[in-house]
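Visitor:
Chains as they are written, first to last, in our numbering: chain A, 31 to 239; chain B, 140 to 373.
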């Protein structure tokens with residue numbers, strides 16, 4: 031049985047270790063914050079210039095001068111600090127962030143990532159994604175295993191323009207957890223009652239057990 | 140030298156021209172120079188190359204200058220949530236150069252600090268690297284990115300003094316301090332304008348040397364793009 035979105039987020043949250051500085055991407059990765067173990071002190075970075083991101087505000091307490099990278103209203107914590115965009119990406123590019131969780135359109139078995147543009151469609155832009163995958167110590171992709179049109183997202187080679195070359199360390203989908211090791215996709219965990227054959231059937235990359 | 144101007148229209152006099160390169164602070168609608176954007180709209184200056192992380196949204200921020208077709212090129216990292224921009228881009232009315240957000244920030248920082256170019260790992264092996272010098276350092280590939288400067292930088296701060304010293308508030312800081320350093324002329328608009336000595340010198344984020352003109356703005360919209368709240372007992 032495949033994992034629900036909530037179960038996928040809960041599984042991704044297990045990658046957030048005590049003392050980690052973490053950047054969560056927009057969309058499903060943001061929801062991982064709801065599953066951080068209570069006993070783990072995980073510090074969230076928001077690339078628009080904040081370290082120590084708190085929960086969403088209670089209605090009426092929102093501050094237009096305090097938003098996250100998804101432009102959502104958020105709150106500060108006692109340990110919060112603010113900084114400029116240049117300092118923020120210095121943190122990211124300089125390798126000071128331990129982990130980033132992002133979404134993807136395609137991941138190749140060599141770790142190539144495509145998540146910012148589809149040729150011929152209106153492109154919104156890469157935002158901070160290219161900097162995150164180039165600079166963060168560990169890059170985890172949280173995504174649906176297969177695209178809406180049924181095509182595989184875990185592929186031998188990305189056909190879409192890359193966000194980064196050989197940057198992905200781990201993929202978490204509704205089928206399980208997969209590690210990119212030596213340019214191969216290796217199963218590290220499967221969702222309950224899911225077989226490796228099913229995963230291979232839904233993937234275009236070579237899947238090693 | 141008096142840096143204080145009584146309003147945004149006066150502050151813009153003599154420093155804005157057709158075809159200029161403009162830097163505009165803000166992330167989304169957070170920390171944008173609202174009143175200076177109004178003045179730029181009124182000025183009818185056109186053919187602007189705008190360097191800004193985003194392009195505003197319909198009816199707000201740089202979206203106002205898109206409505207009047209005053210911008211001919213944008214250098215940005217993300218331009219979603221903006222129908223007018225999408226329309227003008229698809230019609231070929233506006234040129235667009237995407238920069239990764241960190242590369243954009245560093246190009247601006249470098250411009251203000253007198254560094255003509257730098258090497259970054261961001262974008263190596265992607266479309267962004269096309270046509271750019273690539274170089275290996277310690278076995279890793281980097282690409283060369285050139286710095287950015289502007290004819291005019293418009294920035295927003297929370298507090299400022301008559302010398303142009305500035306303090307920003309929370310995440311409204313974002314691109315503002317870097318853009319302050321990279322404008323040939325920088326105009327700061329602030330919510331609170333005070334006498335020298337009223338700001339704690341240890342807490343100043345931008346030194347007055349980077350600011351040529353300053354105005355006290357008012358009637359801020361501070362529109363929230365994505366209001367997200369939780370229940371009190373969550």
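Using N, Cα and C, we set each Cβ at its ideal position, and we do this for glycine too.
Residue 232/B and residue 208/B look like a contact to me (Cβ under 8 Å); what is the Cβ gap, rounded to whole Å?
Guide: 7 Å
Visitor: When DSSP labels each residue in this structure, what does residue 206/A get in the three-state scheme?
Guide: strand
Visitor: Apart from the five residues just before and just after residue 353/B, which ones in its own chain have a Cβ nearer than 6 Å to its Cβ?
Guide: 142, 143, 299, 303 and 327
Visitor: Going by DSSP, what residue range makes up the beta strand (DSSP E) through residue 290/B?
Guide: 289–300
Visitor: Residues in its own chain within less than 6 Å of residue 218/B by CB, not counting five upstream and five downstream?
Guide: 194 and 224
Visitor: Taking 7 Å as the threshold (C-beta atoms), are residue 319/B and residue 349/B in contact?
Guide: In this structure, residue 349/B places its C-beta atom within 7 Å of the C-beta atom of residue 319/B.
Visitor: With a CB to CB cut of under 6 Å and the five nearest residues on each side skipped, what residues in its chain are close to residue 313/B?
Guide: 166 and 170
Visitor: List, in chain order, every chain A residue whose beta-carbon is nearer than 8 Å to that of residue 309/B.
Guide: Neighbours of residue 309/B on chain A, chain order: 80, 93, 95, 96, 106 and 112.
Visitor: Comparing the C-beta of residue 163/B with each C-beta of chain A, is any distance below 7 Å?
Guide: No, residue 163/B lies away from the interface with chain A (no Cβ there is under 7 Å from its Cβ).
Visitor: If you check the beta carbons only, do residue 144/A and residue 172/A fall under 7 Å apart?
Guide: no
Visitor: Could you check if residue 282/B is buried or exposed, using at least 16 other CB atoms within 10 Å of its CB as the buried criterion?
Guide: buried
Visitor: In its own chain, which residues sit with a C-beta less than 6 Å from the C-beta of residue 110/A, not counting the 5 before and 5 after it?
Guide: 82
Visitor: How would you list, in chain order, the residues of chain A whose beta-carbon sits under 7 Å from the beta-carbon of residue 367/B?
Guide: 86, 102 and 103
Visitor: Using a Cβ-Cβ cut-off of less than 7 Å, give me the residues of the stretch 168–191 of chain A that come near chain B, in sequence order.
Guide: Correct list: 191.
Visitor: On the DSSP letters alone, give me the boundaries of the alpha helix (DSSP H) that residue 320/B sits inside.
Guide: 315–321
Visitor: On the CB-based measure, 16 or more other CB atoms within 10 Å of its CB, does residue 273/B come out buried or exposed?
Guide: exposed
Visitor: Mapping the DSSP letters down to three states, classify residue 148/B as helix, strand or coil.
Guide: helix
Visitor: Buried or exposed for residue 364/B, going by 16 or more other Cβ atoms inside 10 Å?
Guide: buried
Visitor: Against chain A, which members of the stretch 284–316 of chain B pass a CB distance test of less than 7 Å?
Guide: 308, 309, 310, 311, 312, 313, 314 and 316
Visitor: To the nearest angstrom, how far is the alpha carbon of residue 148/A from that of residue 345/B?
Guide: 40 Å
Visitor: Leaving out the 5 sequence neighbours to the left and right, which residues in its chain are closer than 6 Å to residue 87/A when beta-carbon positions are compared?
Guide: Listed in chain order, the non-local C-beta contacts of residue 87/A below 6 Å within the same chain comprise 103 and 105, local neighbours out to five positions each way being set aside.
Visitor: Under 9 Å, CB to CB, which of the residues in the stretch 150–163 of chain A have a partner in chain B?
Guide: Flagged, chain order: 152, 153, 154, 155, 156, 157, 158, 159, 160, 161, 162 and 163.
Visitor: In terms of alpha-carbon separation, which member of 140/B, 168/B, 183/B and 164/B lies closest to residue 151/B?
Guide: 183/B
Visitor: Name the DSSP beta bridge partners of residue 307/B, please?
Guide: Note: residue 307/B sits in no beta bridge, so no partner.
Visitor: Can you find a CB in chain A that lies within less than 7 Å of the CB of residue 265/B?
Guide: yes
Visitor: Measure from the C-beta of residue 119/A to each C-beta in chain B and report whether the shortest distance is under 7 Å.
Guide: yes
Visitor: Which residues in chain B have a C-beta closer than 7 Å to the C-beta of residue 116/A? List them in chain order.
Guide: By Cβ distance, chain B contributes 244, 245, 248 and 317.
Visitor: Below 9 Å on C-beta distance, what does residue 347/B contact in chain A?
Guide: Under the 9 Å cutoff, chain A gives no residues; its nearest Cβ is about 17 Å from residue 347/B.
Visitor: Can you name the start and end residues of the alpha helix (DSSP H) that residue 224/B belongs to?
Guide: Residue 224/B -> alpha helix (DSSP H) spans 222–229.
Visitor: I need the straight-line Cα distance from residue 235/B to residue 335/B, nearest angstrom please.
Guide: 41 Å
Visitor: Please list, in chain order, all residues of the same chain as residue 343/B whose beta carbon is under 8 Å from its beta carbon, the five residues on each side excluded.
Guide: 304, 305 and 306
Visitor: Can you tell me the Cβ-Cβ gap for residue 165/A and residue 210/A, rounded? I've got them flagged as a contact below 8 Å.
Guide: The Cβ separation is near 18 Å, so there is no contact.
Visitor: Hey, how far is the Cα of residue 114/A from the Cα of residue 294/B?
Guide: 13 Å
Visitor: Name, going along the chain, the residues of the stretch 252–281 of chain B whose beta-carbon falls closer than 9 Å to a beta-carbon of chain A.
Guide: 259, 260, 261, 262, 263, 264, 265, 266, 267 and 280
Visitor: Interface residues of chain A around residue 350/B at Cβ under 7 Å?
Guide: Neighbours of residue 350/B on chain A: none; closest Cβ ~15 Å, over 7 Å.
Visitor: Counting Cβ pairs, one atom from each stretch, are 3 or more of them under 8 Å apart for the stretch 147–163 of chain A and the stretch 201–209 of chain A?
Guide: no
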